[in-house]
Amino acid sequence: MIDLFGYCGYDCTICAGRSEDPEIRLKMVEGWKKIYGHTMYTAENMPVCKPCPGCKGDGEVADKVCQARPCAKEKGVQSCTDCKEFPCKKMSHLMSERLGLLVYCFKRPDVSKEEYELCAKQFESMPNLVKKLIEKNKIPSWAKELLEKD
Numbered sequence: 008m009i010d011l012f013g014y015c016g017y018d019c020t021i022c023a024g025r026s027e028d029p030e031i032r033l034k035m036v037e038g039w040k041k042i043y044g045h046t047m048y049t050a051e052n053m054p055v056c057k058p059c060p061g062c063k064g065d066g067e068v069a070d071k072v073c074q075a076r077p078c079a080k081e082k083g084v085q086s087c088t089d090c091k092e093f094p095c096k097k098m099s100h101l102m103s104e105r106l107g108l109l110v111y112c113f114k115r116p117d118v119s120k121e122e123y124e125l126c127a128k129q130f131e132s133m134p135n136l137v138k139k140l141i142e143k144n145k146i147p148s149w150a151k152e153l154l155e156k157d
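The sequence shown runs 8 to 157 under the numbering used here.
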């Protein structure tokens, strides 16, 4: 079975890029363009004919321009948290939360709730990253209490 947690800690099982519906995948791409102005997220770099297999799977992944995936694969780590350079510039922009994305959207009234929701799903994965860091003793064990509060 493929590990469906990305190198960055994202939970691939909740990502719109894994949807069986190509329209959902394209709406996510449109959301990233509207929210962040990313021109790198396009229908051409999104596997519209099939769902993303996850960054540890085989085949074409949803985010072809991700810098964390090739770096982690090159270094042979199972998680970016295994890397001595963590957090690095390839990874730091991925460490956000849903409400941070919402705040970022306030100057973009053309972003629909559906686009926001499709793009914000991955930020629900931050607890996975924190758990990995706790397991590796890279952040204080009291951080576990913060995860249990939520």
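Note that CB positions come from ideal geometry on N, CA and C, so glycine has one too.
From a predicted model like this one, the values you see are computed outputs, not experimental measurements.
Where residue i falls: helix, strand or coil (DSSP)
| i | result |
| --- | --- |
| F93 | coil |
Nearest-angstrom beta carbon gap, residue j and residue i [assumed within contact, 8 Å]
| i | j | result |
| --- | --- | --- |
| L108 | A127 | 5 Å |
Cα-Cα separation between residue i and residue j, rounded to whole angstroms
| i | j | result |
| --- | --- | --- |
| C112 | E37 | 14 Å |
| E67 | K114 | 33 Å |
| G64 | R105 | 26 Å |
| L136 | Q129 | 12 Å |
| K151 | K40 | 35 Å |
| K120 | C22 | 16 Å |
| W149 | E142 | 12 Å |
| V110 | P116 | 12 Å |
| V84 | F93 | 11 Å |
Proximity below 8 Å, CB of residue i to CB of residue j
| i | j | result |
| --- | --- | --- |
| N86 | K139 | The sequence as given places Ser at residue 86; Asn does not occur at that position. Closer than 8 Å, so yes. |
| K34 | E122 | yes |
| I31 | V118 | no |
| P77 | S26 | no |
| N61 | C19 | In the sequence under discussion, the amino acid at residue 61 is Gly, which differs from the Asn named in the question. Closer than 8 Å, so yes. |
| L101 | A79 | no |
| K82 | C73 | no |
| G13 | A69 | no |
| T88 | K156 | no |
Range of the contiguous alpha helix (DSSP H) that encloses residue i
| i | result |
| --- | --- |
| Y111 | 105-111 |
| N144 | Looking at the DSSP string, N144 is not in any alpha helix (DSSP H), and its letter there is neither H nor E. |
| C126 | 120-127 |
Any non-hydrogen atom of the ligand NAD within 7 Å of residue i CB
| i | result |
| --- | --- |
| K34 | As far as ligands go, the structure on display features none, and thus does not contain the ligand NAD. |
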